[in-house]
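Numbered according to mature numbering (1 follows the signal peptide of the UniProt record, and there is no 0), the sequence shown spans residues -20 to -1, 1 to 313. All C-beta atoms in this analysis are idealised placements derived from N, C-alpha and C, irrespective of residue type, glycine included.
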Amino acid sequence: MKFKIIFSVIFVVSIFTVRAQDPIFSQSNYVQETLNPGFSGFEDNGRVYAGFLSRLQWPNLDLKLNTQYAFVNKSFDYGPRLGYGIGVNAVWQYESFNNYNYYQINFNYAQRINLNGGWFFRPGVEVGLGNKSNNFRNLTLGDQININTGVINPVSVDPYSYNIHNPFFMDFSTGLVFEKEEVYGTTYWFGVSVKHLNRPNISFVEGEKEPLDIFYSIHGNYRFPFLRDNSIMMTVNYMQQAEYNRLDVGSMFQLSQFLIGVTAATNPARNDANSHLLTSVNAFIGLEYEEFRFGLSYDMNTSRIGNTNGVYEFSLTYLSRCRSCNLDRSRKR
């Protein structure tokens, strides 16, 4: 009991000083809406693209994390030289240990600009409203406990105990994507995104400031045919937030309607002596059935964090048929 109380106090102190980091999905390389607003309407030809991801992290630990993400976007085309996409997405994250909740809903817009040589330029913007909440008032602090009698005083002298609120904040992000038109089944694109441009204040303490660190991402994709109707997709994604970074490198094989992928998640910064360069190996299997794609991934931990039982992630996406095409086009990703 005493250990739990002490740990709770340490956690309360640390939550005010450690800057929050964005949720990262193992399948971001396959569902790029999680990375960049420039992917709104990326499928073109008036198609609707929608889906959700569900992530369960470290189920064997008390610090179990649940993250959910849902999105929908649509492209609008006005001839070969003009097009744009609009969309909406939402994210929710819950930490079981301290009942921490994070919610955010975002609206995005991306413009398609046709360049020479079969290139497309897609700048995008995103505006969101977020909220963070925590049941700090339900915690018992050290000065409330009388060690001699075991009596717990309902009042604490800690200055933060009655000065805590659940912050709402506006959030602005932007991104751009360069895409090369398909030639003999070969496509490639690369993009850059910057999230939290306004560095919103996420402090739980009334009157204090804790600006959210800017999140940077550079990502790319190269897809080419393999054995007739099959294909191989190579992906890379570098992410940086404050002093922490991550580099994901992976590949996905599409064999008819079946998908098999593997991604190596690395930590190039290695912020302390115990850090590993390779933090996890992420295996992915998927299935395409008509307009739907199902995906399941499992992250095998390679660091010394302990027996976490890994990370499980499920995705389901829907892509409407191409009504303005002579032939129904396949997915670009």
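Practice item. Report buried or exposed for Tyr164, applying the criterion of at least 16 other Cβ atoms within 10 angstroms of its Cβ. Key: The sequence position of residue 164 within the sequence shown is 184, counting from 1. Under the 10 Å beta carbon count, Tyr164 is surrounded by fewer than 16 other beta carbons and is classified as exposed.
Review point. What number of angstroms, rounded off, separates the C-alpha of Met232 from the C-alpha of Thr215?
Key: Indexing the sequence shown from 1 puts residue 232 at position 252. Indexing the sequence shown from 1 puts residue 215 at position 235. Taking the straight line from one Cα to the other gives about 8 Å.
Check your understanding: Expressed to the nearest angstrom, what Euclidean distance is found between the alpha-carbon atoms of Ser255 and Ser304?
Key -> Here residue 255 refers to the residue found at position 275 when the sequence shown is read from its first residue. Here residue 304 refers to the residue found at position 324 when the sequence shown is read from its first residue. Answer to the nearest angstrom: the Cα atoms are 51 Å apart.
Check your understanding: Of the residues His199, Arg203, Gly63, which one's Cα is nearest the Cα of Ser8?
Key -> As a position in the sequence shown, residue 8 is number 28, starting the count at 1. Nearest C-alpha to Ser8: His199.
Check your understanding: Based on the DSSP secondary-structure assignment, which residues constitute the bridge partners of Ile132?
Key -> Taking the first residue of the sequence shown as 1, we reach residue 132 at position 152. In the DSSP output, where bridge partners are listed per residue, Ile132 has Ile125.
Check your understanding: Within 10 angstroms of its Cβ, does Pro17 collect 16 or more other Cβ (buried), or is it exposed?
Key -> Taking the sequence shown and counting its residues from 1, one reaches residue 17 at position 37. Flag for Pro17 reads buried.
Point to revise | Delimiting residues of the beta strand (DSSP E) encompassing Asp85 | key: Position 105 of the sequence shown, counting from 1, holds the residue named residue 85. A quick correction: the sequence has Ile, not Asp, at residue 85. Annotation for Ile85: the continuous beta strand (DSSP E) segment containing it runs 80 to 94.
Practice item. Could you tell me if Leu95 is buried or exposed, where buried requires 16 or more neighbouring beta carbons within 10 angstroms of its beta carbon? Key: In the sequence shown, counting from the first residue as 1, residue 95 sits at position 115. Label assigned to Leu95: exposed.
Check your understanding: From which residue to which residue does the beta strand (DSSP E) around Val185 run?
Key -> The residue labelled residue 185 in the question sits at position 205 within the sequence shown. It is not in any beta strand (DSSP E) - Val185 carries neither H nor E in the DSSP assignment.
Check your understanding: What is the C-beta distance between Asn78 and Ser113, in whole angstroms, given that I count them as a contact (C-beta under 8 Å)?
Key -> Residue 78 sits at position 98 when you count from the first residue of the sequence shown. Residue 113 sits at position 133 when you count from the first residue of the sequence shown. Their Cβ separation, rounded to whole angstroms, is 11 Å, which puts Asn78 and Ser113 out of contact at 8 Å.
Exercise for review: Would you check if the stretch 19 to 36 and the stretch 48 to 63 touch, i.e. whether three or more CB-CB distances between them fall below 8 Å?
Suggested key: yes
Exercise for review: Any chance you could list the beta strand (DSSP E) runs of at least 3 consecutive residues sitting entirely within the stretch 145 to 233, in chain order?
Suggested key: 148 to 163, 166 to 175, 195 to 206, 210 to 221
Check your understanding: Does DSSP classify Thr282 as helix, strand or coil?
Key -> Locating residue 282 in the sequence shown gives position 302, where the first residue counts as 1. Thr282: coil per DSSP, three-state reduction.
Check your understanding: Should Pro205 be labelled buried (16 or more other beta-carbon atoms within 10 Å of its own) or exposed?
Key -> The sequence position of residue 205 within the sequence shown is 225, counting from 1. Flag for Pro205 reads exposed.
Check your understanding: Looking only at DSSP bridge pairs, what is Lys112 linked to?
Key -> Your numbering for residue 112 matches position 132 in the sequence shown. According to DSSP, which records beta bridges pairwise, Lys112 is partnered with Tyr82.
Check your understanding: Nearest CA to the CA of Leu239: which residue from Ile4, Lys160, Gln220, Tyr10?
Key -> Stepping through the sequence shown from its first residue, residue 239 is reached at position 259. Considering only alpha carbons, the answer is Tyr10.
Practice item. Helix, strand or coil for Phe(-5), going by three-state DSSP, please let me know. Key: Taking the sequence shown and counting its residues from 1, the one referred to as residue -5 is at position 16. Residue confidence is low: Phe(-5) scores 37 on pLDDT, short of 50, so the model does not pin down where it sits. Its coordinate-derived value is still stated next. In the structure shown, Phe(-5) sits in a helix (DSSP, three-state: H, G or I).
Review point. When DSSP labels each residue in this structure, what does Gly290 get in the three-state scheme?
Key: Within the sequence shown, residue 290 is the residue found at index 310, counting from 1. Three-state result, Gly290: coil.
Check your understanding: With respect to the beta strand (DSSP E) encompassing Gln12, which residues constitute its N-terminal and C-terminal limits?
Key -> Position 32 of the sequence shown holds residue 12. Counting along the chain, Gln12 falls outside any beta strand (DSSP E), and DSSP gives it neither H nor E.
Point to revise | Closest residue to Thr166 among Lys312, Pro3, Ile4, Phe5 (Cα-Cα distance) | key: Here residue 166 refers to the residue found at position 186 when the sequence shown is read from its first residue. For the residues Lys312, Pro3, Ile4, Phe5, the minimum Cα distance to Thr166 belongs to Lys312.
Check your understanding: Which same chain residues, not among the five before or five after Thr47, have their C-beta less than 6 Å away from its C-beta?
Key -> Here the question's residue 47 lines up with position 67 in the sequence shown. Close CB contacts of Thr47 within its chain, under the 6 Å cut and outside five residues either way in sequence, are with Pro3, Arg35, Gln73 (chain order).
Point to revise | Three-way DSSP call (helix, strand, coil) for Pro3 in this model | key: Here residue 3 is taken as the residue at index 23 of the sequence shown, counted from 1. Here Pro3 sits in coil by DSSP.
Review point. Which value, in whole angstroms, describes the spacing of the CA atoms of Leu156 and Ser283?
Key: Taking the sequence shown and counting its residues from 1, one reaches residue 156 at position 176. Taking the sequence shown and counting its residues from 1, one reaches residue 283 at position 303. Straight-line Cα distance between these residues: approximately 33 Å.
**Study point:** Proximity below 8 Å, CB of Asn178 to CB of Phe152
**Key:** By 1-based counting over the sequence shown, the position of residue 178 is 198. By 1-based counting over the sequence shown, the position of residue 152 is 172. Yes, they are a contact pair.
Review point. Are Ala245 and Asp228 closer than 8 Å when you measure CB to CB?
Key: On the sequence shown, position 265 is the one that residue 245 refers to. On the sequence shown, position 248 is the one that residue 228 refers to. Yes, they are a contact pair.
Review point. What does a CB cutoff of less than 6 Å around residue 393 pick up in its chain, not counting 5 residues either side in sequence?
Key: Not covered by the structure: residue 393. The range shown for the chain is -20 to 313.
Exercise for review: Can you say whether Tyr269 is buried or exposed, counting buried as having 16 or more other CB atoms within 10 angstroms of its CB?
Suggested key: Looking up residue 269 in the sequence shown gives position 289. Tyr269 counts as exposed, since fewer than 16 other C-beta atoms from the protein chains shown sit within 10 angstroms of its C-beta.
Practice item. Report, in whole angstroms, the separation of the C-beta atoms of Ser20 and Gly63, which I expect to be a contact under 8 Å. Key: Numbered from its first residue, the sequence shown carries residue 20 at position 40. Numbered from its first residue, the sequence shown carries residue 63 at position 83. Not really, about 11 Å apart at Cβ, beyond 8 Å.
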